[in-house]
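Participant: Right, I'll just put the structure down here and ask away after.
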Amino acid sequence: MEYQQAKERFIQTWGTLGAQWGINRTMAQVHALLLISPRSLTTDDVMEELGISRGNANMNLRGLVDWGLVYRDMQKGDRKDYFRAEKDLWVVAKRIAEERKRRELDTVKDQLIQLKNVVGDSEEVREFKKVISDIDNVTGQALQVLSMMTAAADNFLMKTIRKLKS
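Right under this line is the structure:
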């Protein structure tokens with residue numbers, strides 16, 4: 380397979396995966412392009428490579444910067460913004476997990492706190508409270524597992540770095 384074909388296939392595949400992270404396909408494709416690029420790219424580069432509008436490119440680059448997956452670079456003597464992806468895939472996975480936690484699990488947790496305050500003692504209210512409590516327990520466990528995974532990844536990385544320095 381030629382590089383250009385492999386590149387296009389990777390960008391398409393990463394775009395499909397992006398939908399599973401909770402971001403849109405184009406944002407994931409922009410991330411894929413930056414991830415495999417050996418140099419920082421401008422908005423114009425991204426537009427040209429992916430065939431997207433300036434507004435679409437700017438919006439998705441800004442979103443990736445907000446997620447902490449892409450960094451803005453300045454080039455001396457050039458007024459354009461350049462963008463580069465975080466290349467450490469452990470860091471990428473951790474940031475995606477943290478952002479999804481913030482957007483999804485934390486939001487659910489906040490709603491559940493409010494929903495637990497339903498008043499009454501009818502059969503419907505008791506069943507409602509039971510279901511809300513069960514969802515709250517599952518959400519709490521998911522948050523604990525995510526915290527443990529993040530801590531384990533950090534611990535693994537630190538041990539690896541220490542070994543490399545020795």
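The numbering of the sequence shown is our numbering, which starts it at 380 and goes up by one.
Built from N, CA and C at the ideal position, the CB exists for glycine as well.
1. Does the region 468-477 come close enough to the region 492-500 to have 3 or more Cβ pairs within less than 8 Å?
2. Here's the rule I'm using: 16 or more other beta-carbon atoms within 10 Å means buried, otherwise exposed. How should Ser-419 be labelled?
3. Would you be able to state if there are at least three C-beta pairs under 8 Å between the region 407-425 and the region 456-471?
4. For Leu-448, which residues of its own chain have a beta-carbon under 7 Å away from its beta-carbon, when the five flanking residues on both sides are left out?
5. Check this for me: beta carbons of Thr-421 and Tyr-461, under 8 Å apart or not?
6. Between which two residues does the beta strand (DSSP E) harbouring Asp-460 extend?
7. Could you give the DSSP three-state label for Met-380: helix, strand or coil?
8. Apart from the five residues on each side of it in sequence, which residues of its chain come closer than 7 Å, Cβ to Cβ, to Gln-408?
9. Based on Cα-Cα distance, which residue from Ser-512, Glu-503, Val-444 and Ser-501 lies nearest to Asp-489?
10. If we require 3 or more residues per run, which beta strand (DSSP E) segments fall completely within the region 408-464?
11. Should Gly-401 and Arg-482 be called a contact, given that it needs their Cβ atoms to be closer than 8 Å?
12. Let me know the secondary structure DSSP gives Ile-402 once reduced to three states.
13. Taking a contact to mean a Cβ-Cβ separation below 8 Å, would you say Leu-443 touches Lys-480 in this structure?
14. Determine the burial state of Met-380: buried for a count of at least 16 other Cβ atoms within 10 Å of its Cβ, exposed for fewer.
15. Taking its Cβ as the centre, do 16 or more other Cβ atoms sit within 10 Å of Gly-397, making it buried, or is it exposed?
16. Does DSSP put Val-510 in a helix, in a strand, or in coil?
Facilitator: To lay it out plainly:
1. no
2. Against the sequence shown, residue 419 aligns to sequence position 40. Flag for Ser-419 reads buried.
3. yes
4. Translated into the one-based positions of the sequence shown, residue 448 becomes position 69. The answer, listed in chain order, is His-410, Ala-464, Glu-465, Val-471 and Arg-474.
5. For the purposes of this step, residue 421 is identified with residue 42 of the sequence shown, where counting begins at 1. For the purposes of this step, residue 461 is identified with residue 82 of the sequence shown, where counting begins at 1. Cβ atoms of Thr-421 and Tyr-461: closer than 8 Å.
6. Here residue 460 refers to the residue found at position 81 when the sequence shown is read from its first residue. Residue range 460-464 is occupied by the beta strand (DSSP E) that includes Asp-460.
7. As a position in the sequence shown, residue 380 is number 1, starting the count at 1. If DSSP states are grouped into helix, strand and coil, Met-380 belongs with coil.
8. Reading the sequence shown from its first residue, position 29 is the one you call residue 408. The residues are Ile-390, Trp-393, Gly-394 and Leu-429.
9. Counting from 1 along the sequence shown, the entry for residue 489 is found at position 110. Closest by alpha carbon: Ser-512.
10. Correct list: 449-453 and 460-464.
11. Taking the first residue of the sequence shown as 1, we reach residue 401 at position 22. Taking the first residue of the sequence shown as 1, we reach residue 482 at position 103. Yes. Within cutoff.
12. Counting from 1 along the sequence shown, the entry for residue 402 is found at position 23. Residue state, collapsed to three classes: coil.
13. Position 64 of the sequence shown, counted from the first residue, corresponds to residue 443. Position 101 of the sequence shown, counted from the first residue, corresponds to residue 480. No, these two residues do not count as a Cβ contact at 8 Å.
14. As a position in the sequence shown, residue 380 is number 1, starting the count at 1. By the 16-neighbour rule on beta-carbons within 10 angstroms, Met-380 is exposed.
15. Position 18 of the sequence shown, counted from the start, is the residue given in the question as residue 397. Answer is buried; the Cβ neighbour count reaches 16.
16. For the purposes of this step, residue 510 is identified with residue 131 of the sequence shown, where counting begins at 1. Correct three-state label for Val-510: helix.
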